[in-house]
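Numbering (my numbering), first residue to last: 1 to 210. For each residue, glycine too, the CB sits at the ideal point set by N, CA and C. Report on one structure; see the data block that follows.
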Amino acid sequence: MNAVFRGALIALLVAGCTSKGPSGVRSSSAPMAADWRKVATAADRQRLRDWRTAFTTALRQARLSHAAQVANQGALLEPDAAIADPDGIPPGAYRCRVIKLGAKSAGMSDYTAYPAFNCDIADEGEVSSFTKTSGSQRPVGLVFNDDGGRQIFLGTLMLGDETQAIDYGRDADRDMAGAVEKIGPRRWRMILPWPRFESMMDVIELVPAG
Numbered sequence: 001m002n003a004v005f006r007g008a009l010i011a012l013l014v015a016g017c018t019s020k021g022p023s024g025v026r027s028s029s030a031p032m033a034a035d036w037r038k039v040a041t042a043a044d045r046q047r048l049r050d051w052r053t054a055f056t057t058a059l060r061q062a063r064l065s066h067a068a069q070v071a072n073q074g075a076l077l078e079p080d081a082a083i084a085d086p087d088g089i090p091p092g093a094y095r096c097r098v099i100k101l102g103a104k105s106a107g108m109s110d111y112t113a114y115p116a117f118n119c120d121i122a123d124e125g126e127v128s129s130f131t132k133t134s135g136s137q138r139p140v141g142l143v144f145n146d147d148g149g150r151q152i153f154l155g156t157l158m159l160g161d162e163t164q165a166i167d168y169g170r171d172a173d174r175d176m177a178g179a180v181e182k183i184g185p186r187r188w189r190m191i192l193p194w195p196r197f198e199s200m201m202d203v204i205e206l207v208p209a210g
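The structure is reproduced here in structure tokens:
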């Protein structure tokens, strides 16, 4: 994994870590915590509990003005399209694209689809890491295994020309929480309910680059 993100990702692993350096950040030699519930903030646990409400509410709004575009996305934008995936998303380079559903405020679009970008999934031991490697908004974080054949993403948002991610849990406006789900052969999505900016639901499609 890119060293730029290493400190921020280690800071996510607050549960099960026993040693701290002078800055208060847990040492990277501390054991990794595999239970996302011990890492997630209370606000993010609530967002994850309400994922389906966010998805269906955002879809209802998007279909009012962009019904054809929503229909063309097929399983990607179907709330119950997830396939049980005990192995989880494998490490590698991916082509990812973001679709934003449901306007958070008046004057914003209920449906916005962005071109594909590059992202990476890396094996970090008991967890994986996710990084968006280009663009003005770049999620970075960890992917934890979860019950029910899906995975949980917890991370933060890097903006503009920032070169270092802030610690998860330090700024609620930057914290991100979602689920990684398989929706077809070599096809996954990351759903991000109630993001802080612009939309009610963000959906990121992940397809292997190779």
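Tell me where the alpha helix (DSSP H) around residue i begins and ends.
i: Trp51; result: 51-72
Under the assumption that residue i contacts residue j (Cβ atoms under 8 Å), give the Cβ distance between them as a whole number of angstroms.
i: Gly135; j: Leu154; result: No, Gly135 and Leu154 are not in contact; Cβ-Cβ is about 20 Å, not under 8 Å.
i: Gly102; j: Ala67; result: With 8 Å as the limit, Gly102 and Ala67 do not qualify as a contact, their Cβ atoms being about 14 Å apart.
i: Ile99; j: Leu77; result: 7 Å
i: Trp36; j: Asp146; result: 7 Å
i: Gly92; j: Pro208; result: 6 Å
i: Leu192; j: Met176; result: 6 Å
i: Tyr111; j: Gln69; result: 6 Å
Here's the rule: buried if 16 or more other CB atoms are within 10 angstroms of the residue's CB, otherwise exposed. What is residue i?
i: Tyr168; result: buried
i: Thr163; result: exposed
i: Asp171; result: exposed
i: Met108; result: exposed
i: Met190; result: buried
i: Pro22; result: The predicted model places Pro22 with a pLDDT of 31, which falls under 50 and marks its position as unreliable; any figure quoted below should be read in that light. Counting Cβ neighbours within 10 Å, Pro22 comes out exposed, since fewer than 16 surround it.
i: Asp173; result: exposed
i: Ser105; result: exposed
i: Arg26; result: Since pLDDT at Arg26 reaches only 38, below the 50 mark, its modelled position is unreliable, and the value read off the structure follows with that caveat. Looking at its Cβ environment, which holds 16 or more other Cβ atoms inside 10 Å, Arg26 is buried.
i: Thr18; result: Summary for Thr18: the model assigns pLDDT 34, below 50, so the residue's position carries little reliability; its value from the coordinates is reported in the next sentence. Burial call: exposed.
i: Ala3; result: Only weak support is given to the placement of Ala3: the predicted model assigns it a pLDDT of 45, under 50, and the value that follows is read from those uncertain coordinates. Under this definition Ala3 is an exposed residue.
i: Tyr94; result: buried
i: Pro86; result: exposed
i: Ala195; result: Strictly speaking, residue 195 in this sequence is Pro, with Ala absent from that position. Pro195 comes out buried.
i: Ala71; result: exposed
i: Lys38; result: exposed
i: Arg47; result: buried
i: Ala40; result: buried
i: Gly178; result: buried
i: Ala54; result: buried
Determine the extent of the beta strand (DSSP E) in which residue i is found, giving its start and end residues.
i: Arg189; result: 187-193
i: Ser156; result: Per the sequence shown, the amino acid found at residue 156 is Thr instead of Ser. Counting along the chain, the beta strand (DSSP E) containing Thr156 begins and ends at 151-159.
i: Pro208; result: 199-208
i: Ile166; result: No beta strand (DSSP E) contains Ile166, which DSSP labels as neither H nor E.
i: Ser183; result: Note that residue 183 corresponds to Ile in the displayed sequence, not to Ser. Here the beta strand (DSSP E) through Ile183 covers 175-184.
With the cut-off set at 8 Å, would you say residue i and residue j are in Cβ contact?
i: Val143; j: Ile89; result: yes
i: Arg138; j: Val180; result: no
i: Cys96; j: Glu198; result: no
i: Ala58; j: Met200; result: yes
Entirely enclosed beta strand (DSSP E) segments - the region 94-142, minimum 3 residues: Runs of the beta strand (DSSP E) inside the region 94-142: 111-113, 117-123, 128-132.
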